[in-house]
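Residue numbers (my numbering), protein chains in the order written: chain A, 1 to 604; chain B, 1001 to 1351. All residues carry an ideal CB built from backbone N, CA and C; glycine is no exception.
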Ligand SMILES: Cc1cc2nc3c(=O)[nH]c(=O)nc-3n(C[C@H](O)[C@H](O)[C@H](O)COP(=O)(O)OP(=O)(O)OC[C@H]3O[C@@H](n4cnc5c(N)ncnc54)[C@H](O)[C@@H]3O)c2cc1C
Ligand SMILES: Cc1ncc(C[n+]2csc(CCOP(=O)(O)OP(=O)(O)O)c2C)c(N)n1
Ligand code: SF4
Ligand code: SF4
Ligand code: SF4
Ligand SMILES: [Mg+2]
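Below is the structure:
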């Protein structure tokens, strides 16, 4: 194998599994350490830089970082990354003075943001401090998008939304609520804006066209519309027997909301078996804790009405088996009618752009979706950008945020007259963590504790009002334990091959057998020829330059390294060192500074 | 002097051995030797050998004298019996223990100072008695623990850290052992586990005294330029006389198929030590030839390594003395101490 180029930020970035897995590349281990030091405000601000809404996300994030957490490979349960974010948010001090400042002198550029969801808000967050005039158009009377109208307040209190959205809006964003944009053409024709960002989400809930749908009308609800109506208090009750059709995260919010406004016997009915459920496992757990029944392998065939009144839904009871192409096909075994008073359809969301004319230079594809560039977020019309759920269909908040950051970079480049395809690169800092012979400036010891369990409000209490937040957050002890579980994957084992005397000390001390000195070979062979075979090919091998004495190479399998620092501690020549990796993430108007070989020479 | 304990976390894919133990179960407490010490590598090889041989740790006795090397039994097999004796006295403790209980596996750890200076006489007699044990001599050319004075194994001309050269002729443990009639003599290098591991396994399996002299650089006092026991010097001047492969009894049949032409020596338990001769016509069962070869290489500054000599048929201490098979502690008291009547009878026979 070629020697690894650890000077490319991607190499070490990938070692920080959570950060690599986070769409916005939140520096997780660093914020966790700050929490451990009681520096909640700093931790909050560090979070805010990349993910903008730490309080919101600390309660609701889809947490793509957790399944990829190194701890899962080492002992099964990930660090509770998301809930620690909430700790930083709950315990932080006043951050008013730490927020990005907005210059008095504007740069004269005006940007229209359509829809006040997390995507648009992130664009505003990134562009306001650069002097842009951001003008937000929102069809509702309040900002937040689905975070506000669909995520129930027992998961996400309104005050948290107000707080974090306020930090952005209060930068001086010009907001127009109750102002739906009905014609993009008109907006563009006004020529008032230097760029337009579309962050209107995926607002249309999917229909279920089976017999009885029309007749059953008033007792059959579309999940996202129903949640919105509950939020606006247009709906405050539901029948005692409720069926939710679909088993994604929307279904989970629907069933739990139904439980709080009159639903007694609430069932979620899924077409497939549990392993195919779209809902996150923790959302399923939370629903089941509230005694929601989950019915598998039931495919709805008709709404059953008596005297024009909905009384139940008929289902095919099915069994699934893969065909020769591996596609799952169902076979009907039987049918059954489940009685109910109300049905909520939660089977997905579609985009809809009736307000964008098809003759204004914005190309739409066969699914009536605008063509959006995956890196610049620009449509086929210069100056019109799309992000969040509006771009490629429903995702989640953290993706909407990342889209917002990227679109802001593009908009800024466009306004500066720079090519928007040339993306600013990531940079990195590496700083040795050595404090003394046996001390590192991070907690290198491995903590054996299991994952802390989130405490919930008692069932009786939580059903008293819709807005009783269910999760209590971690207490001080749980926080201390959870912080210690983090393996500090950003504290990198950095190797200098010229210093190695090939004494084997590092190889012998490594508790998880990451290291090997061996003759170089092709990756496939090398992976088998290690102290412990490197079977997880998703994880890289670090391969050094040839070692001075025997011309072998030092190989490190990144897969299971627990960043305990023992290799560096036992190395007599400091060929291994533990160095903290800081990923420098480019934002609009804030490129990362990268040390090139030339600048290195002149500065040293 | 690592204070950070090795974390308990294990590689989730670790395969246990036949006893259901993982390699981590053969570890001891964290080493307090200097980072990079050759002795630590030897410890790691010992751990690996016991693990691979499926040896139950509680059936092992580890013994040592005084020195950095002699500290290392603490760093492996925490579940084994152990005795840390006086400087140079490990061989007599090992002999006594072995005499009383021949059913344990004995591993003695010593240094060049411990064995070749204060303990030289003890070393010689353990060989002479052919005590059934593996004797690891962790050889760094200095008294590491007392801060790097030349030891009796330092080569003529080898420089101390401050620059002065050693003038006295060295005692070479391998040729000494050969001359004293040792039944198993090997030499290796702490920086070459591939070679060291099968030698330790063969030594543990050998019935009788097995010496493994391991060049083991002292990173702190003897790893500089001018030293003949440094990592770099040993790598440049090490000379593999024979390459050895140790095949435990149970694996013998599979291994038989894919072997090159090689001399094989069967051990008393049926395991096989296989030699791939590197030096032409080197015969590891011919004591005189081995001795001559060793001396020849030594005279040109080279260090012969490998399993230099083996005699799997020699008699060990218990055979000489015709002792009971069992350990003394396992004997019923009336057999161990048959009483004054039996003593009187015995003595009357010599009157
Ligand atoms: C029930 C439910 C629960 C969810 N739970 C989670 C969760 O726990 N965690 C998570 O990460 N994600 C969750 N999501 C997904 C998440 O809410 C969305 O992915 C995210 O809000 C998308 O952000 P966005 O900025 O693209 O658009 P949205 O949040 O959808 O905001 C779009 C905004 O645009 C406005 N708008 C639309 N059209 C126009 C127009 N023509 N003119 C003016 N304004 C307009 C809308 O009123 C809305 O305010 C959930 C979604 C649903 C439906
Ligand atoms: C009776 C006695 N004499 C002297 C000493 C001092 N002493 C301690 S260790 C040592 C030499 C150890 O050298 P070696 O066996 O080579 O071990 P190393 O530290 O080099 O591994 C000496 C002389 C002692 N402890 N006891
Ligand atoms: S830090 Fe070093 S010793 Fe610790 S697990 Fe990683 S490679 Fe092994
Ligand atoms: S401990 Fe240091 S010098 Fe020794 S082999 Fe490892 S990297 Fe090389
Ligand atoms: S002094 Fe020398 S022999 Fe002793 S521990 Fe340090 S390196 Fe090893
Ligand atoms: Mg010594």
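Can you tell me where the beta strand (DSSP E) holding residue 176/A begins and where it ends? Sequence index remark: in the first chain, residue 176/A carries index 176 (1-based). Looking at the DSSP string, the run of the beta strand (DSSP E) that includes residue 176/A is 174 to 176.
Residue 403/A: buried (16+ other C-beta within 10 angstroms of its C-beta) or exposed? The residue given as residue 403/A occupies position 403 in the first chain. Looking at its Cβ environment, which holds 16 or more other Cβ atoms inside 10 Å, residue 403/A is buried.
Where residue 434/A falls: helix, strand or coil (DSSP): Numbered from 1 along the first chain, position 434 holds the residue referred to as residue 434/A. Looking at residue 434/A - three-state DSSP - the assignment turns out to be strand.
Report the option in 128/A, 319/A, 375/A whose CA atom is closest to the CA atom of residue 103/A. On the first chain, residue 103/A is found 103 positions in, with the first residue counted as 1. Each of 128/A, 319/A, 375/A was checked against the Cα of residue 103/A, and the nearest Cα belongs to 128/A.
Residues of the region 1065 to 1092 of chain B with a CB closer than 9 Å to any CB of chain A: list them in chain order, please. none
So, does the CB of residue 1041/B fall closer than 7 Å to a CB anywhere in chain A? By 1-based counting over the second chain, the position of residue 1041/B is 41. Using a CB distance cut-off of 7 Å, residue 1041/B counts as an interface residue toward chain A.
Contact set for residue 53/A: own chain, Cβ-Cβ below 6 Å, skip 5 residues either direction: Indexing the first chain from 1 puts residue 53/A at position 53. Closer than 6 Å at Cβ, skipping near neighbours: 164.
Chain A contacts from the region 1026 to 1039 of chain B (Cβ-Cβ distance under 9 Å): 1030, 1031, 1034, 1035, 1036, 1037, 1038
When you compare only the Cα positions, how much space is there between residue 1035/B and residue 283/A? Looking up residue 1035/B in the second chain gives position 35. Looking up residue 283/A in the first chain gives position 283. Cα-Cα distance, rounded: 49 Å.
Three Cβ pairs or more, each shorter than 8 Å: is that satisfied between the region 163 to 179 of chain A and the region 140 to 148 of chain A? Yes: the two stretches touch, three or more of their Cβ pairs being nearer than 8 Å.
Starting from the Cα of residue 1011/B, find the closest Cα among 70/A, 26/A, 227/A, 124/A and give me that residue. Taking the second chain and counting its residues from 1, the one referred to as residue 1011/B is at position 11. Nearest of 70/A, 26/A, 227/A, 124/A to residue 1011/B, Cα basis: 70/A.
Would the beta-carbon of residue 1011/B be found less than 6 Å away from any heavy atom of ligand 3? Within the second chain, the letter at position 11 stands for residue 1011/B. Residue 1011/B: no, Cβ never under 6 Å from ligand 3.
Could you check if residue 1155/B belongs to the surroundings of ligand 6, using beta carbon to heavy atom distance under 6 Å? The count along the second chain starts at 1 and reaches residue 1155/B at position 155. No.
Would the region 148 to 162 of chain A and the region 445 to 453 of chain A be scored as touching if the rule is three or more Cβ pairs under 8 Å? No, the region 148 to 162 of chain A is not in contact with the region 445 to 453 of chain A.
Buried or exposed: which applies to residue 1168/B, given that a residue is buried once 16 or more other Cβ atoms fall within 10 Å of its Cβ? Walking along the second chain from the start, residue 1168/B turns up at place 168. So residue 1168/B ends up on the exposed side.
Determine, using beta carbons only, whether residue 558/A comes closer than 7 Å to chain B. Against the first chain, residue 558/A aligns to sequence position 558. It does not: the Cβ of residue 558/A has no partner Cβ on chain B nearer than 7 Å.
From the DSSP output, which residues share a beta bridge with residue 1184/B? Position 184 of the second chain, counted from the first residue, corresponds to residue 1184/B. According to DSSP, which records beta bridges pairwise, residue 1184/B is partnered with 1210/B, 1310/B.
Could you work out which residues of chain B lie near residue 446/A, taking near to mean beta carbons separated by less than 8 Å? For the purposes of this step, residue 446/A is taken as residue 446 along the first chain, with counting starting at 1. Near residue 446/A (Cβ distances below 8 Å), the residues of chain B are 1007, 1008, 1009.
Counting contacts by CB-CB distance shorter than 7 Å, is residue 17/A in contact with chain C? You won't find chain C in this structure, because its protein chains are A and B.
Please compile the residues from chain A whose C-beta is within a distance smaller than 8 Å of the C-beta of residue 1231/B. Along the second chain, read from residue 1 onward, the residue named residue 1231/B stands at position 231. Chain A residues near residue 1231/B: 501, 502, 503, 549.
Rounded to the nearest angstrom, what separates residue 1257/B and residue 1053/B at their Cα positions? Stepping through the second chain from its first residue, residue 1257/B is reached at position 257. Stepping through the second chain from its first residue, residue 1053/B is reached at position 53. In this predicted model, residue 1257/B has a pLDDT of only 38, less than 50, meaning its place in the structure is not dependable; the value taken from the coordinates is given anyway. Spanning the two alpha carbons is a distance of roughly 22 Å.
Which runs of the alpha helix (DSSP H) spanning at least 4 residues fall entirely within the region 39 to 74 of chain A, listed in chain order? 40 to 51, 54 to 60
Determine the direct distance from the alpha carbon of residue 1200/B to that of residue 39/A, and round the result to whole angstroms. As a first step, residue 39/A is located in the first chain; it is residue number 39 there, counting from the start. As a first step, residue 1200/B is located in the second chain; it is residue number 200 there, counting from the start. Distance between the alpha carbons of residue 39/A and residue 1200/B is about 53 Å.
Considering only heavy atoms of ligand 4 and the C-beta of each residue, which residues fall inside 6 Å, strictly closer? 500/A, 501/A, 502/A, 503/A, 504/A, 505/A, 506/A, 570/A, 571/A, 572/A, 573/A, 575/A, 576/A, 1036/B
Pull up the distance between the alpha-carbon of residue 1141/B and that of residue 1063/B, whole angstroms please. By one-based count along the second chain, residue 1141/B stands at place 141. By one-based count along the second chain, residue 1063/B stands at place 63. Each residue's alpha carbon lies about 21 Å from the other.
Is any heavy atom in ligand 6 found nearer than 6 Å to the beta carbon of residue 1040/B? As a first step, residue 1040/B is located in the second chain; it is residue number 40 there, counting from the start. Because no heavy atom of ligand 6 lies under 6 Å away, the Cβ of residue 1040/B does not count as near it: no.
Buried versus exposed call for residue 1350/B [16 or more other C-beta atoms within 10 Å across all chains shown]: In the second chain, counting from the first residue as 1, residue 1350/B sits at position 350. Counting Cβ neighbours within 10 Å, residue 1350/B comes out exposed, since fewer than 16 surround it.
Tell me whether residue 488/A sits in a helix, a strand or coil according to DSSP, three-state version. Within the first chain, numbered from 1, the residue matching residue 488/A stands at position 488. Correct three-state label for residue 488/A: coil.
Within the present structure, is the beta-carbon of residue 565/A separated from the nearest heavy atom of ligand 3 by less than 6 Å? As a first step, residue 565/A must be located in the first chain, where it is residue number 565. Correct: residue 565/A has its Cβ closer than 6 Å to ligand 3.
Where residue 1296/B meets chain A, residues with beta-carbon distance less than 9 Å: Counting from one through the second chain, the residue named residue 1296/B turns up at place 296. In chain order: nothing, as chain A lies at least about 26 Å away.
Interface residues of the region 1127 to 1159 of chain B facing chain A [CB-CB below 7 Å]: none
Sort 132/A, 273/A, 405/A, 100/A by Cα distance to residue 416/A and report the nearest one. On the first chain, residue 416/A is found 416 positions in, with the first residue counted as 1. Residue 132/A is the option with its Cα nearest to residue 416/A.
Do the region 493 to 505 of chain A and the region 17 to 33 of chain A meet, that is, are 3 or more Cβ pairs less than 8 Å apart? no
State yes or no: is the C-beta of residue 1119/B nearer than 6 Å to some heavy atom of ligand 6? Here residue 1119/B corresponds to residue number 119 of the second chain, with the count starting at 1. No, since every heavy atom of ligand 6 falls outside the 6 Å radius drawn around the Cβ of residue 1119/B.
Enumerate in chain order the residues of its own chain whose CB-to-CB distance from residue 30/A is below 7 Å, with the five nearest sequence positions on each side excluded. Residue numbering aside, residue 30/A sits at position 30 when the first chain is read from its first letter. Contacts found: 46, 490.
Verify the CB distance criterion: does residue 1219/B have a CB-CB separation below 7 Å to chain A? In the second chain, the residue the question calls residue 1219/B occupies position 219. True, the Cβ-Cβ gap to chain A drops below 7 Å.
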